[in-house]
Each structure stands twice: as C-alpha cells, then as structure tokens.
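Residue numbers (my numbering), protein chains in the order written: chain F, 1 to 101; chain U, 1 to 160.
Where a beta carbon is used, it is the ideal one built from N, C-alpha and C, also for glycine.
All figures in this text were calculated on a predicted structure; none of them were measured in a lab.
Shown next, in structure tokens, is the structure this report addresses.
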Amino acid sequence: MALGVLPWLLLSAALFSTGLFGLLTRKHAIGLLISVELMANAVNLNLVAFGYFRGDLMGQVLALFGIALTVAEVVVGLALVIQLHRHNRSIDVDSARELAG
Amino acid sequence: MIAFFVTAAALLVTAVMVVTSKDLVRAVLWLGLSLVVTAGAYAQLAADMLAAIQIMLYAGGVVTLMLFAVMLTPRPDDERPTVALVNPERGFAAALLMFFALAMALLQAELPGGTAVAVSDSQEVGRLFLTDHLLAFEALSVLLLAAMIAAIVIARRRDA
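Encoded structure:
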C-alpha cells in the first residue's frame with residue numbers, strides 16, 4: 001500500500017513545530033541556531049515530498065537551494081555567536097541586549 | 001509504508017531530543033542524527049543526490065561547524081555548556097498551536113494525487129541547475145562568497 005503526500009507533510013509540520021518549540025524555549029544562541037536548522041530541514045522535506053508526488057524534479061532543485069541557503073546562514077550565524085562570546089563572555093542572547101538601539 | 005513509519009518515528013524522536021537536551025554538545029549530536037535520518041527520508045522519496053548532499057553538507061559540515069562553535073565559546077566557569085529551557089509550557093503551547101494550524105490547512109488543501117512517479121535522476125537535476133535555474137544558481141554562488149567573506153570579517157579578532 002502506497003502512502004500519499006499527506007503523511008509526509010504532517011511529519012514535516014510536526015518537525016517544524018518541534019523546531020519552533022526549541023526556538024521559543026532556548027536562550028543560548030547556538031541552541032537557537034540548532035532549532036532554526038531543524039525548521040529549515042522540515043521545510044526541505046516538505047519540498048522534496050511535494051516534488052516526488054507531483055512527479056517532477058522542481059522540489060529537489062528547490063530543496064538544494066534551501067540547503068545551500070541554510071548553510072550560508074549557519075556560517076554567518078556562528079561567526080556572530082563567536083564574536084558575541086568574545087565581546088560579552090557569554091552567548092546567552094539576552095546578553096546582547098545592549099545592541100538594541 | 002513500514003519504512004515511512006520507522007523514518008517518521010526516528011525523525012520525531014531525534015527532533016524532540018534536539019530541542020530538549022540540556023547539554024548543548026548532545027543537542028548538536030542529536031541534530032546530526034536527525035539530519036542523517038532526513039537523508040534516509042530523501043532516499044525514500046527518490047532524491048538520491050539530495051540524500052548524499054544532505055549527509056555531506058549538513059551532517060558533515062554544519063554539525064562539525066556547530067561543534068566547533070560550542071567548543072570555542074566556553075563558559076567562564078569552564079562547565080560544559082548546559083541550557084535550561086525557558087518557559088517550556090508556553091513554548092509547547094505555541095508549538096502545538098502551530099502544528100494544529102498546519103495540520104488543519106493540510107487536511108483541507110487539495111494535494112497532488114497519491115500516485116508517485118519515481119523520478120530518481122541526478123543527471124536531470126544537474127541539467128536543470130545549469131539551464132532553467134542558471135541565474136539562481138549563479139546568484140547562489142555570489143551569496144556563498146558573501147557569506148564566506150562575512151564570516152571571516154565578523155569572526156576575526158579586532159586587535160589582530
């Protein structure tokens with residue numbers, strides 16, 4: 001028996017919500033980045049599932065773009081985290097409050 | 001079908017471990033496992049190349065980078081980085097709300113038909129990149145260059 005696209009989308013929605021939970025409950029900057037990563041991963045899974053069940057390759061192409069974009073985001077994010085740590089001796093995001101204009 | 005449920009269960013368990021582990025190093029390692037399981041899901045969805053790229057870039061690159069970042073940012077008291085969850089009830093409520101909103105939308109939406117056409121064609125994906133999506137592909141290379149330069153500029157020591 002073959003499954004349709006719906007179970008995959010529900011799985012992806014559950015993963016996305018888990019990432020949201022992480023995003024809302026972490027205060028550690030790297031913890032936040034990890035959660036964002038989880039959410040981006042859920043989005044990519046969505047794209048691939050749609051592409052597969054539509055029978056074209058557009059989903060895979062979009063997911064590849066998504067992966068590259070997330071990797072770029074993580075690189076810059078981690079650089080910011082390291083600089084924040086150097087500046088404040090802490091990577092609790094609340095310690096960056098002085099940045100607020 | 002069994003493969004789907006095994007993958008789904010593994011993905012959900014690893015994802016929950018990622019967001020609930022108190023030890024940050026463990027959270028990162030769980031994230032790596034979660035990303036590898038996702039590669040398995042891609043393989044089930046006939047996206048072979050994507051599965052390979054997922055393991056190389058995410059599980060290999062991103063997780064290593066994150067581990068480095070965790071190690072390079074020690075706490076003043078040299079303890080292992082632990083992270084308490086702030087307001088887990090509220091976070092849980094928000095996540096649940098998000099999931100139900102998404103699920104309601106999905107259940108009402110008109111989704112593409114259930115007959116999957118197995119397309120597993122890495123060559124064709126590559127061809128699409130260099131023909132139909134050439135502009136986006138080149139823009140992406142500029143973005144990656146910008147990210148690389150930005151990372152170097154932001155992370156370097158000011159006094160060096």
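is_contact[Asn88 (chain F), chain U] using C-beta, thresh 8 Å: Start at 1 with the first residue of the first sequence, and residue 88 (chain F) comes out as number 88. Residue contact with chain U for Asn88 (chain F): absent (no Cβ-Cβ distance below 8 Å to any residue of chain U).
Please go through the same chain and pick out, in chain order, the residues whose beta-carbon is closer than 8 Å to the beta-carbon of Glu89 (chain U), but skip the five residues on each side of it. Sequence index remark: in the second sequence, residue 89 (chain U) carries index 89 (1-based). Excluding positions up to five away in sequence, the list is empty.
For Leu144 (chain U), tell me which candidate among F:Val76, F:Ile82, F:Met39 has the shortest Cα-Cα distance. Within the second sequence, residue 144 (chain U) is the residue found at index 144, counting from 1. If we check each option's Cα against that of Leu144 (chain U), F:Val76 comes out closest.
Expected contact under 8 Å - CB spacing of Ile30 (chain F) and Met71 (chain U) to nearest Å: Within the first sequence, numbered from 1, the residue matching residue 30 (chain F) stands at position 30. Within the second sequence, numbered from 1, the residue matching residue 71 (chain U) stands at position 71. So it is not a contact: roughly 11 Å between Cβ atoms.
Does the region 43-59 of chain F come within contact of the region 45-57 of chain U, defined as at least 3 CB pairs closer than 8 Å? The answer is yes - the region 45-57 of chain U touches the region 43-59 of chain F, with three or more Cβ pairs under 8 Å.
In angstroms, rounded to a whole number, what distance separates the CA positions of Leu111 (chain U) and Leu31 (chain U)? In the second sequence, the residue the question calls residue 111 (chain U) occupies position 111. In the second sequence, the residue the question calls residue 31 (chain U) occupies position 31. Distance between the alpha carbons of Leu111 (chain U) and Leu31 (chain U): 30 Å.
Helix, strand or coil: how does DSSP classify Asp94 (chain F) here? Start at 1 with the first residue of the first sequence, and residue 94 (chain F) comes out as number 94. Asp94 (chain F): helix per DSSP, three-state reduction.
Can you find at least 3 beta carbon pairs, one from the region 8-23 of chain U and one from the region 31-43 of chain F, that sit closer than 8 Å? yes
Which listed residue (U:Ala94, U:Thr73, U:Asn87, U:Ala101) has its alpha carbon closest to that of Arg89 (chain F): Residue numbering aside, residue 89 (chain F) sits at position 89 when the first sequence is read from its first letter. Of the listed residues, the one whose Cα sits closest to Arg89 (chain F) is U:Thr73.
Can you give me the C-alpha to C-alpha distance between Val74 (chain F) and Ala139 (chain U), rounded to a whole angstrom? Taking the first residue of the first sequence as 1, we reach residue 74 (chain F) at position 74. Taking the first residue of the second sequence as 1, we reach residue 139 (chain U) at position 139. Using only the alpha carbons, I get a separation of about 18 Å.
Name the DSSP bridge partner or partners of His28 (chain F)? Against the first sequence, residue 28 (chain F) aligns to sequence position 28. According to DSSP, His28 (chain F) bridges with F:Asp92.
Delimiting residues of the alpha helix (DSSP H) encompassing Gly55 (chain F): In the first sequence, counting from the first residue as 1, residue 55 (chain F) sits at position 55. Counting along the chain, Gly55 (chain F) falls outside any alpha helix (DSSP H), and DSSP gives it neither H nor E.
Establish whether the CB of Ser95 (chain F) and some CB of chain U are separated by less than 8 Å. Your numbering for residue 95 (chain F) matches position 95 in the first sequence. No, its Cβ sits nowhere closer than 8 Å to a Cβ of chain U.
Rounded to a whole number of angstroms, what is the C-alpha to C-alpha distance between Gly101 (chain F) and Ala155 (chain U)? Residue numbering aside, residue 101 (chain F) sits at position 101 when the first sequence is read from its first letter. Residue numbering aside, residue 155 (chain U) sits at position 155 when the second sequence is read from its first letter. Residue confidence is low: Gly101 (chain F) scores 49 on pLDDT, short of 50, so the model does not pin down where it sits. Its coordinate-derived value is still stated next. Distance between the alpha carbons of Gly101 (chain F) and Ala155 (chain U): 22 Å.
Along the chain, where does the alpha helix (DSSP H) that runs through Pro88 (chain U) open and close? Taking the first residue of the second sequence as position 1, residue 88 (chain U) is located at position 88. Looking at the DSSP string, the run of the alpha helix (DSSP H) that includes Pro88 (chain U) is 88-108.
Close beta carbons around Leu20 (chain F), own chain, < 8 Å, minus the five adjacent residues each side: Here residue 20 (chain F) is taken as the residue at index 20 of the first sequence, counted from 1. Only Ser35, Met39 meet the Cβ criterion.
Cβ neighbours of Met58 (chain F) in the same chain (closer than 7 Å, five flanking residues each side left out): Translated into positions along the first sequence, residue 58 (chain F) becomes position 58. Gly51, listed in sequence order.
Are the CB atoms of Val125 (chain U) and Val61 (chain F) within a distance shorter than 8 Å? As a first step, residue 61 (chain F) is located in the first sequence; it is residue number 61 there, counting from the start. As a first step, residue 125 (chain U) is located in the second sequence; it is residue number 125 there, counting from the start. Result yes, Cβ atoms of Val61 (chain F) and Val125 (chain U) sit closer than 8 Å.
Three-state class that DSSP yields for Pro112 (chain U) in the structure shown: Along the second sequence, read from residue 1 onward, the residue named residue 112 (chain U) stands at position 112. Note: Pro112 (chain U) maps to coil in three-state DSSP.
Could you pull the start and end residues of the alpha helix (DSSP H) that Met49 (chain U) belongs to? On the second sequence, position 49 is the one that residue 49 (chain U) refers to. For Met49 (chain U), the enclosing alpha helix (DSSP H) covers residues 48-53.
Is the beta carbon of Leu24 (chain U) less than 8 Å from the beta carbon of His85 (chain F)? Counting from 1 along the second sequence, the entry for residue 24 (chain U) is found at position 24. Counting from 1 along the first sequence, the entry for residue 85 (chain F) is found at position 85. His85 (chain F) sits away from Leu24 (chain U), with the two beta carbons spaced by 8 Å or more.
Which listed residue (F:Thr25, F:Phe65, F:Ser12) has its alpha carbon closest to that of Asp92 (chain F): Start at 1 with the first residue of the first sequence, and residue 92 (chain F) comes out as number 92. Of the candidates F:Thr25, F:Phe65, F:Ser12, the one whose C-alpha sits nearest the C-alpha of Asp92 (chain F) is F:Thr25.
Chain U residues whose Cβ lies nearer than 8 Å to that of Gly66 (chain F): By 1-based counting over the first sequence, the position of residue 66 (chain F) is 66. Contact of Gly66 (chain F) with chain U by beta-carbon distance below 8 Å is absent, the smallest such distance being about 10 Å.
Hey, Gly61 (chain U) and Val71 (chain F) are a contact pair by Cβ (cut 8 Å); roughly how many whole angstroms apart? As a position in the second sequence, residue 61 (chain U) is number 61, starting the count at 1. As a position in the first sequence, residue 71 (chain F) is number 71, starting the count at 1. So it is a contact: roughly 7 Å between Cβ atoms.
Taking Cβ positions only, does Leu130 (chain U) come closer than 8 Å to chain F? Numbered from its first residue, the second sequence carries residue 130 (chain U) at position 130. Closer than 8 Å: no.
Taking the straight line between their C-alpha atoms, what separation do you get for Asn41 (chain F) and Leu50 (chain U)? In the first sequence, residue 41 (chain F) corresponds to position 41, counting from 1. In the second sequence, residue 50 (chain U) corresponds to position 50, counting from 1. Rounded to whole angstroms, Asn41 (chain F) to Leu50 (chain U) spans 12 Å at the Cα level.
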